[in-house]
Amino acid sequence: MRFFLTAFSVLYCLSLASGAAAQSSSDWVADSIERVFQRFDEVQEPAFTDDFILADVKLDPEYPRRFDEFSGDISGRFIGAVAMASRGEEDDARLQQLMEKILPCQREDGRFGNASLSFDAADIGPDQMALLWGNGRLLVGLLEYAQRFPEEKAVIEAAVKLGDFLLKVFDECATEEVMARVRGKAANGFICFTQFNEGLELLARATGNEHYRDSAKKMEALLEPRGVQHTHGYLTTLRGHMMIYESTGDPALLSAVEARFDDMEASGSILITGGLLEFFKEDYDRDEGCTEADFLRLCLQLWRATGKEQYLARAEQCLNNIFYANQFETGDFGHRFFNNQGYIPHPGAGRAWWCCTMHGLRALQDLHDYDITPVERDGKKGLYIALWQETACEDGDFRAKVERVILPEKPYMLAFQIEVIDAPQDTRVLSLRVPGWAKDLSATVSLDGRTVGNTISQQPSAEAASQLISRSISSLDLERVWQAGERVTVGIECALRFADRQGQVHLLDGLPENGAEERAVFFGPWLLGVDAHRNPMFHGEPYSKNILLLPKDQEELRKHVSMHSDLPGAVQAPEVTLSYIHDGFPDRCTATLQPVAAQNARPQTTVSYWHWMRRQ
1 MRFFLTAFSV LYCLSLASGA AAQSSSDWVA DSIERVFQRF DEVQEPAFTD DFILADVKLD
61 PEYPRRFDEF SGDISGRFIG AVAMASRGEE DDARLQQLME KILPCQREDG RFGNASLSFD
121 AADIGPDQMA LLWGNGRLLV GLLEYAQRFP EEKAVIEAAV KLGDFLLKVF DECATEEVMA
181 RVRGKAANGF ICFTQFNEGL ELLARATGNE HYRDSAKKME ALLEPRGVQH THGYLTTLRG
241 HMMIYESTGD PALLSAVEAR FDDMEASGSI LITGGLLEFF KEDYDRDEGC TEADFLRLCL
301 QLWRATGKEQ YLARAEQCLN NIFYANQFET GDFGHRFFNN QGYIPHPGAG RAWWCCTMHG
361 LRALQDLHDY DITPVERDGK KGLYIALWQE TACEDGDFRA KVERVILPEK PYMLAFQIEV
421 IDAPQDTRVL SLRVPGWAKD LSATVSLDGR TVGNTISQQP SAEAASQLIS RSISSLDLER
481 VWQAGERVTV GIECALRFAD RQGQVHLLDG LPENGAEERA VFFGPWLLGV DAHRNPMFHG
541 EPYSKNILLL PKDQEELRKH VSMHSDLPGA VQAPEVTLSY IHDGFPDRCT ATLQPVAAQN
601 ARPQTTVSYW HWMRRQ
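The opening position of the sequence shown corresponds to residue 1 in the numbering used here, with each subsequent residue numbered one higher.
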């Protein structure tokens, strides 16, 4: 079981003050990235050979591959994600080998794929949309490749030709006639056109040509209302619009994306797991790894642009729950299926090697780019530590690293250690985020094993604690002239919170002592579930009315919580052991609740997270 919020960073072995003990194998993001690369390198069904990757641009009738009509989709995603997450020489050599084969596949008019498809407005339909989608993903891939290999001018030239192709067909595609013709066509819908804004913005950055950005700006206005659209394409268009905002600072662009985000929240499209389904349809039964990757990245973009806690809280909820849960034991990302109580297995596991595996890798690589946040408090500079992942952060000559640790004397607490690496000779601030899911946060400064000053603590505001997604910011600010080698041990007692199906938050003392109420259980940032691998008898028929029995108060709860699972590889992830009454018989049984993301290391099974419960 490996599912912790950590940045893609080097692990350090530390001897910690205040009774903290360092742990190994705790870098979940690096581990998750490694699992994707193992999928590319070792899994043979299907194997990621050159022919397999390039089938959507070569269109060889002797090698038909699923979705090769989305020309550039797999090939573009693969070269882009691997270029951004390259492990070094071997990956670079593979990328260059692939690029040598991709470039000759470009058609005379700049497109990749079927050269016979007409882009006259009267002819444009689902087939043209498929080509545009794949070409959009390939344009992004070409430009991300060019960031790693800027000396390869032929790649930029190919990207320019592809961008020019889009500009030529832009007016023919952007008509009400075409929109109406492809409306309701799911993954072949109009989002295949609007998602081009991401690649066009990258092309504007690479070339300095504003014409590409001017066209990219038009896409969000062309994006139809949410409706029942394909969420991946919808979110990709919003990400592209945010990229234009990042380049221009135009507040109207940001406002447009925030309005659409507000609409997703108000409509109930965002699940209790922190992400979205594959389509904006309430009765749909599966998610999509690409969607969860896009939503995570969009939340991070909005957080960086606005500093609003709600976007960081959304990113945290998505990452810790639905995103990590979406990865399969093979390393693939894809489609998980749901019923009314949670995750369920499905015939033919939805390991989406045709898109999600690469898109998940690309999102993982983004994580460490969004966690360095300089702050200023009363004229004093410093660092904002979000306390949601391991990371290394710096602001000029003030540098620190953040790692997870275990507090042996308080095994029920989530703990971090912040080590100051370099510090100037003036007062600086370490501003520690106090998340809404915390019951209490405490911080102790030490040097060479000796405590410096008193332990200080803070709780989130009552408003933040009452919301599943907090919109108010609380922080604990540590101001001092720091020394290299000083360490701050941060202990967070996670709140046990219960959400109903309307998203309202309830605390432990709000559960009934008689009868039962249906709730989803959150421990800190984690949505907890009952996994059939760990609890094989819990889901024996009939189980829909099983009743979890909660302790009467927080003090008693601590006896049921461990932050150090006994499963292999599990460090700083909660387990809550509870009694329950099965729907089929009156005997008291025992179940262990774990984060729903625990399923990502095992074959698919039932993982329920909506349960009936009461206090005992």
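Think of the CB as a built atom: it goes at the ideal place given N, C-alpha and C, for glycine as much as any other residue.
Q) If you count every other CB in all the chains shown that lies within 10 Å of the CB of F119, and 16 or more means buried, which is it? A) Buried, by the Cβ-count rule.
Handout entry: Rounded separation between P251 and L312 - CA only
Key = C-alpha of P251 to C-alpha of L312: approximately 20 Å in a straight line.
Is P595 helix, strand or coil by DSSP? Reduced to three states, the DSSP call for P595 is strand.
According to the Cβ coordinates, are V57 and I102 closer than 8 Å?
For V57 and I102, yes; Cβs fall inside 8 Å.
- Item | Backbone CA spacing between K410 and L527 [nearest angstrom] | Counting only the Cα atoms, L527 lies some 21 Å from K410.
Next item on the list: Sort D366, L361, I385, R487 by Cα distance to D617 and report the nearest one.
Entry: Here the chain comprises residues numbered 1 to 616, so residue 617 is not present and cannot be evaluated.
> Where Q317 and D123 are concerned, what is the direct C-alpha to C-alpha distance, given to the nearest angstrom?
Replying inline: Each residue's alpha carbon lies about 43 Å from the other.
ask   = Since Q617 is in the beta strand (DSSP E), which residue starts that stretch and which ends it?
value = Lying before the first or after the last residue shown, residue 617 is absent from the chain, which here runs from 1 to 616.
* Cβ pair G382, L430 closer than 8 Å -> Result yes, Cβ atoms of G382 and L430 sit closer than 8 Å.
Just verifying my parser: in three-state terms, what is the DSSP assignment at Q128?
Helix at Q128.
Is P374 closer than 8 Å to D397 when the C-beta atoms are compared?
Not in contact: D397 and P374 (Cβ atoms no closer than 8 Å).
Among the candidates Q604, V228, A573, whose CA atom is the shortest distance from the CA of R404? That would be A573, whose Cα lies nearest to the Cα of R404.
### Message
Classify A93: buried if its beta carbon has 16 or more other beta carbons within 10 angstroms, exposed otherwise.
### Response
The Cβ neighbour count for A93, taken over all protein chains shown within 10 Å, is under 16; the residue is labelled exposed.
If you drop the 5 nearest sequence neighbours on each side, which residues of the same chain put their C-beta closer than 6 Å to that of S15? Caution is warranted here: a pLDDT of 28 is assigned to S15, below 50, making its placement in the model unreliable, and the coordinate value is therefore given only provisionally. Only residues of its own chain outside the window of five on either side were considered, and among them none has a CB closer than 6 Å to the CB of S15.
- With DSSP collapsed to three states, give me the class of Y245. Of the three classes helix, strand and coil, the one that applies to Y245 here is helix, per DSSP.
Beta carbon of E201 nearer than 8 Å to that of G249: For E201 and G249, no; Cβs fall outside 8 Å.
| request: Please name the residue, chosen from A174, E224, V178, H232, that lies closest to S215 on a Cα-to-Cα basis. | output: Nearest option by C-alpha distance: A174.
- Does DSSP classify K410 as helix, strand or coil? Here K410 sits in coil by DSSP.
Going by DSSP, what residue range makes up the beta strand (DSSP E) through I385?
Per DSSP, I385 belongs to the beta strand (DSSP E) from 380-385.
Spatial distance of R2 from G80 (CA atoms) | Annotation note: pLDDT 33 at R2 (below 50); position unreliable, no value reported.
Original post:
What residue from G199, D164, E89 has the CA that sits closest to D73's CA?
Top reply: When only C-alpha atoms are compared, the closest one is G199.
How big is the Cα-Cα spacing for Q365 and H582? Taking the straight line joining both Cα atoms gives about 43 Å.
Since Q310 contacts R471 with CB under 8 Å, what's their CB separation in whole angstroms? Distance from Q310 to R471 at the Cβ level is roughly 5 Å; contact confirmed, criterion being Cβ atoms closer than 8 Å.
Report task. Please report how far the alpha carbon of S562 lies from the alpha carbon of R107, in whole angstroms. Result -> Computed Cα separation, rounded: 59 Å.
| task | Just the C-alpha distance for P568 and A601, rounded to the nearest angstrom, thanks. | result | Only weak support exists for where P568 lies, its pLDDT of 43 falling under 50; the value from the coordinates is given anyway. Counting only the Cα atoms, A601 lies some 10 Å from P568.
| field | Limits of the unbroken alpha helix (DSSP H) element including F275 | value | The displayed chain sequence assigns Gly, not Phe, to residue 275. Annotation for G275: no alpha helix (DSSP H) segment contains it, and DSSP assigns it neither H nor E.
>> Looking at E292: is its Cβ nearer than 8 Å to the Cβ of I322?
In response: For the 8 Å CB-CB criterion, E292 and I322 form a contact.
**Exposure label - D68; buried when at least 16 CB within 10 Å** = So D68 ends up on the buried side.
Skipping 5 residues on each side, what residues in its chain have a beta carbon closer than 6 Å to that of Q459?
-> Closer than 6 Å at the Cβ level, and outside the excluded window around Q459, lie D440.
Closest by C-alpha distance to V182, when choosing among A130, E493, Y370, E513: Closest option to V182, Cα to Cα, is A130.
Local Cβ density within 10 Å of Y63, reported as buried at 16 or more and exposed below that:
Counting Cβ neighbours within 10 Å, Y63 comes out exposed, since fewer than 16 surround it.
Task: Which of helix, strand or coil DSSP assigns to V481 - done: Coil, per DSSP.
So T427 and E479 are supposed to be a Cβ contact under 8 Å. How far apart are they, rounded? Yes, T427 and E479 are in contact; Cβ-Cβ is about 6 Å, under 8 Å.
- [ ] Could you tell me the distance, in whole angstroms, from the CA atom of R559 to the CA atom of Q616?
- [x] It should be noted that the sequence gives Lys, not Arg, for residue 559. Inter-residue distance for K559 and Q616 is about 14 Å (C-alpha atoms, whole angstroms).
Ordered along the chain, which non-local residues of its own chain (more than five positions away) have a Cβ less than 8 Å from that of E278? Excluding residues within five positions, the ones whose Cβ falls inside 8 Å are H230, T231, H232, Y284, R286, D287, E288, T291, H335.
- Give the straight-line distance between the Cα atoms of T606 and V596, rounded to the nearest whole angstrom. Approximately 10 Å between the Cα atoms of the pair.
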